[in-house]
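**Q** Right, I'll just put the structure down here and ask away after.
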Amino acid sequence: MKRPYANIGFFFLLLLALVIAGFTPRIPETPFFGYFGHVAKGVPVPGVIHAHAIVALAWFVLLCVQPFLIRANRVDLHRWLGRASVILVVLVAYTAVQVMKRFYLQGITQMPRDTVLSLLSQSFTGLSLFLLFYAMAIWRRRNLHQHVAFMVGASLAAATPGLARLGLHVIGGLPGILAVVAGIYGTLVAGMLFAKFRYSRPVSRSPYLAIIGLFLAAHAMDFVGSRSSAWRWFADKMVSVW
Numbered sequence: 001m002k003r004p005y006a007n008i009g010f011f012f013l014l015l016l017a018l019v020i021a022g023f024t025p026r027i028p029e030t031p032f033f034g035y036f037g038h039v040a041k042g043v044p045v046p047g048v049i050h051a052h053a054i055v056a057l058a059w060f061v062l063l064c065v066q067p068f069l070i071r072a073n074r075v076d077l078h079r080w081l082g083r084a085s086v087i088l089v090v091l092v093a094y095t096a097v098q099v100m101k102r103f104y105l106q107g108i109t110q111m112p113r114d115t116v117l118s119l120l121s122q123s124f125t126g127l128s129l130f131l132l133f134y135a136m137a138i139w140r141r142r143n144l145h146q147h148v149a150f151m152v153g154a155s156l157a158a159a160t161p162g163l164a165r166l167g168l169h170v171i172g173g174l175p176g177i178l179a180v181v182a183g184i185y186g187t188l189v190a191g192m193l194f195a196k197f198r199y200s201r202p203v204s205r206s207p208y209l210a211i212i213g214l215f216l217a218a219h220a221m222d223f224v225g226s227r228s229s230a231w232r233w234f235a236d237k238m239v240s241v242w
């Protein structure tokens, strides 16, 4: 009997390819220098960015491998790697904070401090979503449909920086960002409808509703809340412990 979500590994592979494509070219008039393009040319890159790229890429590769282990009936290895992924996620979080710290220290020498504090919102909300969805996926690992849904949410949260860069490169400006945002919601709605029509999962109790709601809150924070005095107060307290 064919296992549910047997082909989801191909979705994760496509997402990884898009992320790599987004992190390859330099985006003019932005601080996005194109990590993989720099590495391919031998251009020096700060060590903290190397470290974050390596552990984030390792997590994404592991995410892609896991569904194929299930297809191959290697459930034992799937579970072992799932436990090991906790270490990778801790490293992703730690290096992400170090990258944020580097951005802040560099940014305040080039632009107003309030602007830098506002820009930190995107990294903070993205990392928070990733950690929350990953934690939920682990907690609900015995419920296949919820486990998959939260892993999809975690993958989209992790992929957002690369997808945003790809949108800026291919389309440009705000339309490129909005296209990526629309793609994220389209993917989540498609996942919810697939679960409903393929596996008869009720939409009213779908974990995708919570995931969509949290993405909406994060995007509202990025576009509006990041300029608020409340966020800048919080960000100021956050950077004060760095």
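Just so you know, the UniProt record's numbering puts the end of the sequence shown at 242, numbered straight through with nothing missing.
Note that beta-carbon positions come from the ideal geometry of N, C-alpha and C, so glycine has one too.
(1) Quick one: residues in its chain with C-beta nearer than 8 Å to the C-beta of residue 187, no 5 flanking neighbours on either side, listed in chain order?
(2) What does a CB cutoff of less than 7 Å around residue 13 pick up in its chain, not counting 5 residues either side in sequence?
(3) Starting from the C-beta of residue 118, find all residues in its chain whose C-beta is less than 6 Å away, skip the five residues before and the five after it, and write them out in chain order.
(4) With DSSP collapsed to three states, give me the class of residue 242.
(5) Enumerate in chain order the residues of its own chain whose CB-to-CB distance from residue 141 is below 6 Å, with the five nearest sequence positions on each side excluded.
(6) With distances taken Cα to Cα, identify the nearest neighbour of residue 94 among 116, 52, 125, 23.
(7) Find the nearest neighbour of residue 126 within the set 234, 97, 236, judged by alpha-carbon distance.
(8) Would you call residue 330 buried or exposed, if buried means 16 or more other Cβ atoms sit within 10 Å of its Cβ?
(9) Looking at the secondary structure, which residues open and close the alpha helix (DSSP H) in which residue 133 lies?
(10) Quick check for students: name the residue ranges of the alpha helix (DSSP H) that lie wholly in the segment 40-127, counting only runs of 4 or more.
(11) By a C-beta neighbour count over all protein chains shown, 10 Å radius and 16 as the cutoff for buried, is residue 167 buried or exposed?
(12) Cα-Cα, which of 200, 82, 26, 183 is closest to residue 215?
(13) So, is residue 67 buried or exposed, given that buried needs 16 or more other C-beta atoms within 10 angstroms?
(14) Go through its chain and collect everything with a Cβ distance to residue 219's Cβ below 7 Å, but skip five positions before and after it.
(15) May I ask which residues mark the beginning and end of the alpha helix (DSSP H) holding residue 33?
(16) Counting C-beta neighbours from all protein chains within 10 Å, is the total for residue 202 16 or more, i.e. buried, or is it exposed?
(17) Here's the rule: buried if 16 or more other CB atoms are within 10 angstroms of the residue's CB, otherwise exposed. What is residue 37?
(18) So residue 34 and residue 44 are in contact, right, with Cβ under 8 Å, and what is the actual spacing, rounded?
**A** Checking against the coordinates, here is how it stands:
(1) 152, 156
(2) 64
(3) 226, 227
(4) coil
(5) 147
(6) 52
(7) 97
(8) Residue coverage of the chain in this structure runs from 1 to 242, which leaves residue 330 outside it and unanswerable.
(9) 113-139
(10) 47-71, 75-107
(11) buried
(12) 183
(13) buried
(14) 181
(15) Here residue 33 belongs to no alpha helix (DSSP H), and DSSP marks it neither H nor E.
(16) exposed
(17) exposed
(18) Incorrect: roughly 14 Å between the Cβ atoms, too far for contact.
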